[in-house]
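Protein chains: 2
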Amino acid sequence: VVSQHRTLDGHDVTMLGLAKGAAMIGPRMATMLAFVLTDAPVRPADLQTALNQAVDESFHCISVEGHTSTNDTVLLLAGDTTSPPLTDSALAEFEELIRDVCIELARKIPADGEGTSHFITIEVEGCQDRAQARQIARSIANDALVKTAIAGADPNWGRIVSAAGYSGASFEPQELSAWLNGTPVYRAGAVVPFDAEALSAGIRERRETSIRLRLTQGNASARFWTCDLTAEYVRLNADYTT
Amino acid sequence: VVSQHRTLDGHDVTMLGLAKGAAMIGPRMATMLAFVLTDAPVRPADLQTALNQAVDESFHCISVEGHTSTNDTVLLLAGDTTSPPLTDSALAEFEELIRDVCIELARKIPADGEGTSHFITIEVEGCQDRAQARQIARSIANDALVKTAIAGADPNWGRIVSAAGYSGASFEPQELSAWLNGTPVYRAGAVVPFDAEALSAGIRERRETSIRLRLTQGNASARFWTCDLTAEYVRLNADYTT
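Those protein sequence lines, which keep their order, are chains A and B.
In this text, residue positions in the first sequence follow my numbering: the first is 10, and each later residue adds one.
In this text, residue positions in the second sequence follow my numbering: the first is 10, and each later residue adds one.
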């Protein structure tokens, strides 16, 4: 559950978000139900646009194991049909508000993934366009070897870099740099010497892991959220019987 | 190791195949070394063509966890440069021979995957073209929920069908039928009643699992080989330290 308040055109606007679903979570949404409720006065077409933009940067940027389900739902309900609709500047702020609520809600899903011991944020920057950045981020997010490495607190930069490499996005190794929990591990196509024991201890001690990649092709970026892959996840999904 | 003999144009031809590599195995090959040796007299260009065809139906149709590595190699070595090259009909038979050797070799890789308890063969038929069939097969092969279901001997047709659905291949549910170890579980868009306990026992008792899907769009097909996902796989890859 996520709740935010803001004053838009003098209205005291509330937005409430609810979501469920922690497995069968793929990058194009999943067995997931999300509801966003607001009392802001906004035209249906503007609500749809605002929701599409928000979903693109939130629910489309999470995965647990990459399995897209048939049962995804994000519903936006707006009750105020009597007040005059928000002015353009308030509408822009409304779009920001709905994006913030959706991102906060979406992040909670892999954070609550089955058997997960780490919540992983993947940021990819310096890309030609957002599609390229997301393609790289999704490839890393859905990679079993990256996810098991994080579960084992292994600062395995090789698995991260090669998951970016096989993503289908076009780049040269020299264009790529990578950070793990803020520590540079790969720069312009070569490994950077780092204290592996300290980095491993940092992964083990914290529930949140940050993976950051930078290319040198442009200014587009994407953020993606996922969780690690643990033996407990396998047990939960192998012992589950239909 | 795979060895086959055949008589081509009066030559007693031997083909020997060797391969290693059981993890970081993705559908576009992986940390895998494969060598195929033969004493058949074949022109270099014909050898390359024969190898490309063979690899497309063998090493490009296996995965362990879908992680494509940077270190794949398939080498074909042919020593006889003095005899006149094989005639066209013998060359066609040679292409079959190399395909058989490569398929047999490729199948051994996921069969020997880390911590695996099941070797899974996925056959997709009735497609418009081979690319569509392979796209569906690969989506199922790399799906963590399908792989954990097989590890747990769960005849979970829903995970299989929805992995086909999100593969990106275009089809309607009514066009799809599916079999698990030869038992029909889904026909023309609806579940077929089956004895779940017997099917589960059959998966548990055998090391080989067969998943077959059929569309009604054409005559193209593809085969893909993979292994299940076990808690042991996660332990091996989480405890591995760089």
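Backbone N, C-alpha and C fix where the C-beta goes; we use that ideal spot for every residue, glycine too.
This one's a predicted model, so the numbers in the text were calculated from it and none came from an experiment.
Cβ of residue i within 8 Å of any chain B Cβ
i	result
Asp248/A	yes
Leu154/A	yes
Glu74/A	yes
Gly161/A	yes
Ala87/A	no
Ala197/A	no
Ala101/A	no
Ala172/A	yes
Arg37/A	Per-residue confidence for Arg37/A stands at a pLDDT of 48, beneath the threshold of 50, marking its modelled position as unreliable; the derived number appears in the next sentence. Output row for Arg37/A: interface = yes.
Segment limits, alpha helix (DSSP H) that includes residue i
i	result
Leu245/A	Ala240 to Asp248
Ala142/A	Arg139 to Ala150
Ala210/B	Ala205 to Glu214
Ser171/A	Trp166 to Gly174
Residue i, enclosing beta strand (DSSP E) - first and last residue
i	result
Gln226/B	Note, Gln226/B: premise wrong, no beta strand (DSSP E); not H, not E.
Val64/B	It is not in any beta strand (DSSP E) - Val64/B instead sits in the alpha helix (DSSP H) that spans Pro53 to Asp65.
Glu132/A	Phe128 to Cys136
Leu95/B	That residue, Leu95/B, is in no beta strand (DSSP E); it is neither H nor E in DSSP.
Thr157/A	Run containing Thr157/A: none in the beta strand (DSSP E); it sits in the alpha helix (DSSP H), Ala153 to Ala160.
Gly87/B	Note on identity: in this sequence residue 87/B is Ala, with Gly being the wrong assignment. Note, Ala87/B: beta strand (DSSP E), Thr82 to Ala87.
Min CB distance residue i to chain A below 8 Å
i	result
Val133/B	no
Arg216/B	no
Arg147/B	no
Thr125/B	no
Thr157/B	yes
Phe233/B	no
Bridge partners - residue i, DSSP secondary structure assignment
i	result
Pro193/B	Trp188/B
Gly26/A	Val11/A and Val45/A
Thr16/A	Asp21/A
Ala99/B	Beta-bridge pairing links Ala99/B to no other residue.
Arg232/B	Glu132/B
Thr218/B	Ile129/B
Ala199/B	Arg196/B
Ile107/B	DSSP output for Ile107/B lists no bridge partner at all.
Ile71/B	Trp234/B
Burial state of residue i (16 or more Cβ within 10 Å)
i	result
Thr91/A	exposed
Leu42/B	exposed
Asp197/B	The residue you asked about is not Asp; residue 197/B is Ala in the sequence shown. With fewer than 16 Cβ atoms within 10 Å of its Cβ, Ala197/B is classed as exposed.
Glu74/B	buried
Met38/B	For Met38/B, the predicted model reports a pLDDT of 49, less than 50, meaning its position is unreliable; a value from the coordinates is still stated below. Per the 10 Å Cβ criterion, buried.
Arg215/B	exposed
Ala160/B	buried
Asn246/A	buried
Asp1/A	No statement about residue 1/A is possible, as the shown extent of chain A runs from 10 to 251 and does not include it.
Leu238/A	buried
Glu123/A	buried
Ala210/B	exposed
Val10/B	exposed
Pro164/B	buried
Gly26/A	buried
Asn228/A	exposed
Ala231/B	buried
Asn61/B	exposed
Ala199/B	exposed
Gln183/B	exposed
His14/B	exposed
Gln141/A	buried
Gly177/B	exposed
Proximal residues of chain D, C-beta to C-beta of residue i below 7 Å
i	result
Leu238/A	The displayed structure is made up of protein chains A and B, and chain D is not among them.
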